[in-house]
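To start, the structure itself, in structure tokens.
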Amino acid sequence: MRSRRGSVLAIVIWSIAICAAVAATVQVLATRQSVMGMESLARVQARWAARAGVETMIAIMEYHTENPDATDALALIKDLENNSAGELETGTYDIRHYLDGVEWAGPLDEHSKMNINLVPKALLINMREMTPDVADAIADWRDADEDAGLLGAEGEFYRNRGIGYMPRNANLRSFGEMELIAGVWPEYARGEDWNLNGRLDPNENDGDLSWPEDDGDGKLNQGWSGILTAASRTAPQGPSGLPKIALRSATPEEVAERCAISAAQASSLITYANQQNARLELLLTRPLATLAQGRGGQQQNQQPGRTGRSSGGQTRLNQGASADASLSMPQIGTILNECMIDEFTRPAPGRMNINTVSSEVLTEVFDLNPKLAESIVSRRDARPEGITNMSELLEIPGMTPQILEPIARYLDVQSWVFTITARGQAKSLGTEAEMIVTVNRSTLPATIQEYREP
Ligand SMILES: [Ca+2]
Ligand SMILES: [Ca+2]
Ligand SMILES: [Ca+2]
Ligand SMILES: [Ca+2]
11 MRSRRGSVLA IVIWSIAICA AVAATVQVLA TRQSVMGMES LARVQARWAA
61 RAGVETMIAI MEYHTENPDA TDALALIKDL ENNSAGELET GTYDIRHYLD
111 GVEWAGPLDE HSKMNINLVP KALLINMREM TPDVADAIAD WRDADEDAGL
161 LGAEGEFYRN RGIGYMPRNA NLRSFGEMEL IAGVWPEYAR GEDWNLNGRL
211 DPNENDGDLS WPEDDGDGKL NQGWSGILTA ASRTAPQGPS GLPKIALRSA
261 TPEEVAERCA ISAAQASSLI TYANQQNARL ELLLTRPLAT LAQGRGGQQQ
311 NQQPGRTGRS SGGQTRLNQG ASADASLSMP QIGTILNECM IDEFTRPAPG
361 RMNINTVSSE VLTEVFDLNP KLAESIVSRR DARPEGITNM SELLEIPGMT
411 PQILEPIARY LDVQSWVFTI TARGQAKSLG TEAEMIVTVN RSTLPATIQE
461 YREP
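Residue numbers 11 to 464, in this note's numbering, belong to the letters of the sequence shown in order.
So this is what it looks like as structure tokens:
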């Protein structure tokens, strides 16, 4: 009896021990699962917080497309900046970007960079670390033909080296595509911004502790990605919000009304626009009457300095022509804002916005005198409404129509495409999520050009 009772006791004790072990295991598993549940909940909260930031930015952009203010070139930029951080019940978001080595609140204006599909080889070569062979290879990648430049690379080059792709022979679709081009090293293209999110991430600021290599100086060196973009686009409308007037098919009356010029001036302008290779920026240095007569030629360039402005912002470019045909610089600025030569068919690579353009572009790509570049940046930053008319640039000491004319073809006073790098954070566990969204606000509703979640 005693030994039977003893073995029953042993069985009971064993059973209890096994039950306890099972219960403990279940508890550990349950805890682990609940932690995992909390973590994935926090990830979802962080992601939706980032998304809330993106949606806020898009709503602001659409509002400004619908309600344009031609007298304030910075209205949209300021509005985006002021709403770049926000709080939700379960998380917060924060939108920032880097430009010229400085961190800014709000989305990146893609029009602060030169469009890689617009920049000619002669300017591309000005960039640091750029060599003639790489500039030629970029030009060959972009141009439609298969004739390699002097040091360039067309299909044959890529085929002979067993590279599994060929040049696009058309516009680049993203900045990242640059790295497919012969001779373009990621180190030059990305600098320290290895994930190309326009933000300084911890691994990009810890020296050699982790990939990539960086100098750990607390500043983001963006390489070419800080100067070039493939995202900026043209839009059909001017700062007034109205569709730009296509001069080749316009009537003098509508041109005169929109640009506040005389009917005679409008007729001359239309006559000029109907010439082959007409470029509105030439109005900055050449009299309208001369251009309209098809004598736009080179005669002005041979006499630099003789076409300077007289006081009061008025030009007396064309002493010989009738007074009615001479345009003031503000009028020329309005024409550049509200008119174009041909009908708008589809978005093309965008110009840079003089209100946000990176000073690296001004000094490096345009090769402007650093003092003049500095004056442009400080002058525009000092104006609460920014630069709304290209003629305002001529008020800057050292800026002349002769300096402005060749660069004006790459410049504008408005922006359409922005990249929102939104970082969301969950309040519960501090989990972070990032979203990089490139938005074109020229249409309503705005369109997403690119979407990434690194
Ligand atoms: Ca080609
Ligand atoms: Ca980064
Ligand atoms: Ca590093
Ligand atoms: Ca650095």
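Note that CB positions come from ideal geometry on N, CA and C, so glycine has one too.
CA-to-CA distance, residue j to residue i, given in whole angstroms
{"i": "residue 299", "j": "residue 397", "result": "28 Å"}
{"i": "residue 348", "j": "residue 264", "result": "11 Å"}
{"i": "residue 12", "j": "residue 42", "result": "45 Å"}
{"i": "residue 450", "j": "residue 38", "result": "50 Å"}
{"i": "residue 455", "j": "residue 68", "result": "9 Å"}
{"i": "residue 244", "j": "residue 253", "result": "12 Å"}
{"i": "residue 34", "j": "residue 47", "result": "19 Å"}
{"i": "residue 463", "j": "residue 445", "result": "5 Å"}
{"i": "residue 385", "j": "residue 260", "result": "38 Å"}
{"i": "residue 89", "j": "residue 257", "result": "33 Å"}
{"i": "residue 447", "j": "residue 120", "result": "12 Å"}
{"i": "residue 278", "j": "residue 71", "result": "37 Å"}
{"i": "residue 234", "j": "residue 206", "result": "11 Å"}
{"i": "residue 393", "j": "residue 175", "result": "48 Å"}
{"i": "residue 402", "j": "residue 190", "result": "40 Å"}
{"i": "residue 383", "j": "residue 375", "result": "11 Å"}
{"i": "residue 423", "j": "residue 83", "result": "7 Å"}
{"i": "residue 296", "j": "residue 373", "result": "26 Å"}
{"i": "residue 15", "j": "residue 24", "result": "14 Å"}
{"i": "residue 40", "j": "residue 433", "result": "31 Å"}
{"i": "residue 247", "j": "residue 157", "result": "37 Å"}
{"i": "residue 273", "j": "residue 293", "result": "17 Å"}
{"i": "residue 316", "j": "residue 305", "result": "Its pLDDT being 41, under 50, residue 316 is placed unreliably by the model, and nothing is read from it."}
{"i": "residue 155", "j": "residue 131", "result": "16 Å"}
{"i": "residue 194", "j": "residue 172", "result": "17 Å"}
{"i": "residue 31", "j": "residue 54", "result": "34 Å"}
{"i": "residue 73", "j": "residue 91", "result": "15 Å"}
{"i": "residue 218", "j": "residue 115", "result": "28 Å"}
For residue i, the first and last residue of its enclosing beta strand (DSSP E)
{"i": "residue 459", "result": "457-462"}
Beta-carbon spacing of residue i, residue j below 7 Å
{"i": "residue 237", "j": "residue 129", "result": "no"}
{"i": "residue 291", "j": "residue 415", "result": "yes"}
{"i": "residue 179", "j": "residue 127", "result": "no"}
{"i": "residue 122", "j": "residue 366", "result": "yes"}
{"i": "residue 276", "j": "residue 282", "result": "no"}
{"i": "residue 343", "j": "residue 284", "result": "no"}
{"i": "residue 438", "j": "residue 27", "result": "no"}
{"i": "residue 435", "j": "residue 102", "result": "yes"}
{"i": "residue 421", "j": "residue 361", "result": "yes"}
{"i": "residue 1", "j": "residue 411", "result": "This structure gives no information on residue 1, because the portion of the chain shown stretches from 11 to 464."}
{"i": "residue 149", "j": "residue 165", "result": "no"}
{"i": "residue 406", "j": "residue 389", "result": "yes"}
{"i": "residue 425", "j": "residue 363", "result": "yes"}
Residue of the options minimising C-alpha distance to residue i
{"i": "residue 163", "options": "224, 174, 135, 144", "result": "144"}
{"i": "residue 369", "options": "36, 112, 19, 105", "result": "112"}
{"i": "residue 210", "options": "420, 149, 232", "result": "232"}
{"i": "residue 65", "options": "96, 80, 45", "result": "96"}
{"i": "residue 208", "options": "423, 117, 409, 78", "result": "117"}
{"i": "residue 62", "options": "174, 108, 100", "result": "100"}
{"i": "residue 460", "options": "242, 410, 131", "result": "242"}
{"i": "residue 271", "options": "337, 410, 411", "result": "337"}
{"i": "residue 58", "options": "302, 269, 104", "result": "104"}
{"i": "residue 354", "options": "255, 147, 341", "result": "255"}
{"i": "residue 198", "options": "230, 251, 250, 139", "result": "139"}
{"i": "residue 134", "options": "426, 377, 302, 108", "result": "377"}
{"i": "residue 45", "options": "85, 458, 453, 441", "result": "441"}
N- and C-terminal bounds of the alpha helix (DSSP H) containing residue i
{"i": "residue 58", "result": "12-76"}
{"i": "residue 144", "result": "142-152"}
{"i": "residue 344", "result": "339-348"}
{"i": "residue 220", "result": "Taken as a continuous stretch (DSSP letters only), residue 220 belongs to no alpha helix (DSSP H), as it is neither H nor E."}
{"i": "residue 200", "result": "196-200"}
{"i": "residue 169", "result": "165-170"}
{"i": "residue 271", "result": "That residue, residue 271, is in no alpha helix (DSSP H); it is neither H nor E in DSSP."}
{"i": "residue 391", "result": "380-392"}
{"i": "residue 131", "result": "131-134"}
{"i": "residue 298", "result": "298-302"}
Bridge partners - residue i, DSSP secondary structure assignment
{"i": "residue 446", "result": "431, 462"}
{"i": "residue 103", "result": "96, 434"}
{"i": "residue 114", "result": "107"}
{"i": "residue 239", "result": "125"}
{"i": "residue 362", "result": "421"}
{"i": "residue 357", "result": "Residue 357 is not bridged to any residue."}
{"i": "residue 119", "result": "428"}
{"i": "residue 256", "result": "350"}
{"i": "residue 247", "result": "253"}
Any non-hydrogen atom of ligand 6 within 6 Å of residue i CB
{"i": "residue 213", "result": "Ligand 6 is not among the ligands present in this structure, which contains only ligand 1, ligand 2, ligand 3 and ligand 4."}
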